[in-house]
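Going letter by letter, the sequence shown gives residues 20 to 594 in the numbering used here.
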Amino acid sequence: SYHSENEVNPSDDLDFRHHNYKEMRQMMKVINEECPNITRIYNIGKSSQGLKMYAMEISDNPGEHETGEPEFRYTAGLHGNEALGRELLLLLMQFLCKEYKDENPRVRRLVDGVRIHLVPSLNPDAYELAYQMGSEMGNWALGHWTEEGYDIFQNFPDLNSILWGAEDRGWVPRVVPNHHIPLPENSLSGSLAVETKAIISWMERNPFVLGANLQGGEKMVVYPFDMQRPQISLTDSRRWRVNSEMNEETWARIQRQNEGALRETPDDAMFRWLAMSYAHSHLTMTETYRGSCHGDDVTGGQGIINRASWKPVVGSMNDFSYLHTNCFELSIFLGCDKFPHESELLLEWENNREALLSFMEQVNRGIKGIVRDMDGNPLPNATISVEGIRHDVKTAASGDYWRLLNPGEYKVTAKADNHTPQMRLCMVGYDTGATPCSFTLAKSNWDRIKEIMKLNGNRPIRLVTKTSVVKATASSTTAEPSIIGRVTQANSQKAKQFRRLRLMRLRRLRERRLRGRVMTTPPTTTTTTTTTQPPYTESTTSWYDSVDSWTENPFDTFIFDSAPTQEYNFEFTID
């Protein structure tokens, strides 16, 4: 029995020792045999030397993505000589299996509600090299890079430059999206490690929501952006300022960028919370009064820091995950010693156990839901936008989505191709669990509109109020005759209607003038019986008399749907 859900038994029979590649594989196999109902072993690819990069899935239904269930990942071993993260994930596998069998309510709720992926070694070749030297004989760089000389963490395509360049040109989000930025052409065939390509493919196959990579050499949690944005020139600043679409928040961010470099993501507040959830659950990470591993404390006593303001890197795994997928990824630096002795593993497990569990539970923070059409069918790749946060997420293949948000009130919009967008007001509270916020989208005729625009060279559609001569172009000659005929006929009828209305106005003006001539009284003389007409003076009233002066509505007798009357060309003069 448990006195508290957070209380666990530290005397569990866990294997506190370092494992080479063969021993790691055997350990994972033993765990799978002990808990076959909640575990599954698979590999995400192979290293440059042919070693498999094994992963363990822990879920109540392993091997299948359940609709409405978020997916979480822990990765370690990006640098082969940082062995602590590798051993912590192997210990976490053992812990979750044993506690689930012992019906620990906290672990039960975590395993049943989240699909967990644990990858203890992303650079197995380099770890074997560091393992041979051991914790005593190893050094700071031995096993850090792959066999081909790549640093996997900094080996991902640079999507930050693509996004920031598009923002400087005003292309976001109309030309370049603010999320799921596509990979640059030929990027996978460039200078990417074999391991990096396997990780990218794994990221794209699974709808991860939250993740963290475990590293060593420092003791802190760092969050993106990891790359430092370059300053913009004065000319670019002036061009931004005259942009009428820029709001106060955007301009304030640009001003901060001019002073230094823009390092914050649109989800900066959420990233700070995620980082603090681990750092403040760790037993010693916030004890920074002794300083950091290499000098003074740079975290301000919080144990967290933005990577771009600390040690900026280009092409990091965290930035790539944020800009190319839905997953929010952070880096957790576990301690100053990259390869601690086996005798220290028990203490390190006690320091990190609660933090590892607490961080996984943050995957249920925010909103979640399913996007369907009117027939109840799920809509994959629908876009979920939150007002005030310039970063969107997409729905998975089963139409479900998860959006990490801090407590508050949010206007959320769901958009999908060929469907009308829908906006909802979603509340995120402080209670455990994400707030349900689903959408049902109706069909739209956007397909037909895009088809017509494509036939006319993708030019904007305008309503024509008068007939005009249209020059034949390459795009207009390829248009469908039926569409052109309908547009021409509609324009012709509108022109005839305007002509008839103008004739009615001219006729009314003529009648008014004739009435004025008849009502004029001729002056008489005493010497003769003849009458004389004074010279007629033309009225100064304009031909476009005000509508307010009309005694009747001219449109009452005007039937727009009737067949057009015959038009007569005539002229008249005033005597």
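C-beta atoms are modelled at their ideal positions from N, C-alpha and C, and glycine is treated no differently. In this text, all values refer to a predicted model and were calculated from it rather than measured experimentally.
Are the CB atoms of residue i and residue j nearer to each other than 9 Å?
i	j	result
VAL126	GLU88	no
ASN56	MET72	no
ASN197	ARG409	yes
ALA294	VAL241	yes
PHE175	ASN345	no
ILE219	LEU207	yes
ARG248	ASN337	no
LYS430	MET442	yes
ARG291	SER328	no
GLY230	LEU349	yes
GLU42	ARG59	no
ILE389	ASP419	yes
ALA461	MET393	yes
LEU110	GLU214	no
GLY168	PHE358	no
ARG128	HIS38	no
GLN130	LEU115	Here residue 130 is Val; the residue named in the question, Gln, does not match the sequence. A contact, by the Cβ cut-off of 9 Å.
GLU147	TYR308	no
ASN364	ARG36	According to the sequence provided, residue 364 is Leu. The question's Asn does not apply to it. Against a cut-off of 9 Å, the Cβ pair of ARG36 and LEU364 comes out as a contact.
VAL194	LEU182	no
ASP286	PHE347	yes
SER335	MET239	no
ALA212	SER67	yes
Please name the residue in the options whose C-alpha comes closest to that of residue i.
i	options	result
GLN113	LEU533, ASN142, MET47, GLY388	MET47
GLY452	LEU528, TRP421, ILE135, TYR119	TRP421
THR611	ALA149, LEU178, SER154	A query on residue 611 cannot be resolved here, the shown segment of the chain reaching from 20 to 594 and no further.
ASP356	LEU103, ALA288, GLU530, LEU460	LEU103
ILE323	LEU353, SER335, PHE339, CYS346	LEU353
HIS617	GLY334, GLU237, GLU118	As shown, the chain starts at 20 and ends at 594. That puts residue 617 outside it, with no answer to give.
HIS136	GLN151, PRO81, GLU223	PRO81
ALA217	ILE171, HIS199, LEU229, GLU101	ILE171
ASN437	PRO243, ARG391, ASN225	ARG391
VAL382	THR86, ILE77, ARG92	ARG92
ASP245	LYS65, TYR449, THR284	THR284
SER78	ASN51, THR94, SER66, ASN100	ASN51
THR454	PRO143, ALA160, LEU424, GLY99	LEU424
PRO397	GLY184, LEU474, ASN371, THR86	THR86
ASN225	ALA416, ASP315, GLY427	ALA416
GLY427	ALA433, GLU406, THR414	GLU406
TRP221	VAL317, ASP131, ALA74, MET472	ALA74
PRO143	PRO203, LYS65, SER210	LYS65
ASP121	LEU202, GLU530, CYS54	CYS54
Please state the DSSP three-state secondary structure of residue i.
i	result
PHE35	coil
LYS48	helix
ASN325	strand
LEU161	coil
PRO598	The structure shown has nothing for residue 598, since the chain only spans 20 to 594.
ASP245	coil
ARG291	helix
LEU70	coil
ALA212	coil
ASP316	coil
GLU306	coil
GLU186	helix
LEU178	coil
GLU53	helix
LEU229	strand
SER565	Because the pLDDT of SER565 is 41, which lies under 50, any placement of that residue in the model is unreliable, and the question is left without a value.
ILE200	coil
ASN80	coil
ASN510	helix
THR86	coil
ARG391	strand
With residue i and residue j assumed to form a contact (beta carbons below 8 Å), what rounded beta-carbon distance in angstroms separates them?
i	j	result
GLU373	SER300	5 Å
LEU302	GLU369	7 Å
HIS199	HIS343	6 Å
GLN173	VAL333	7 Å
GLY235	HIS163	Actually they are not in contact, since the Cβ atoms of GLY235 and HIS163 sit about 10 Å apart, beyond 8 Å.
ARG326	PRO243	6 Å
For a test of your reading of the model: does the CB of residue i fall under 8 Å from any non-hydrogen atom of the ligand GDP? Yes or no.
i	result
ARG59	Among the components of this structure there are no ligands whatsoever, and the ligand GDP is therefore not found.
Write down every uninterrupted run of the beta strand (DSSP E) in the stretch 406-494 whose length is 3 residues or greater and which is fully enclosed by it, in chain order.
408-413, 419-422, 427-434, 441-447, 458-460
Identify every run of the alpha helix (DSSP H) within the stretch 97-155, keeping only runs that are complete inside it and at least 4 residues long; order them along the chain.
102-120, 124-132
Which complete alpha helix (DSSP H) runs does the stretch 325-389 hold, if anything under 4 residues is left out?
326-329, 336-343, 364-380
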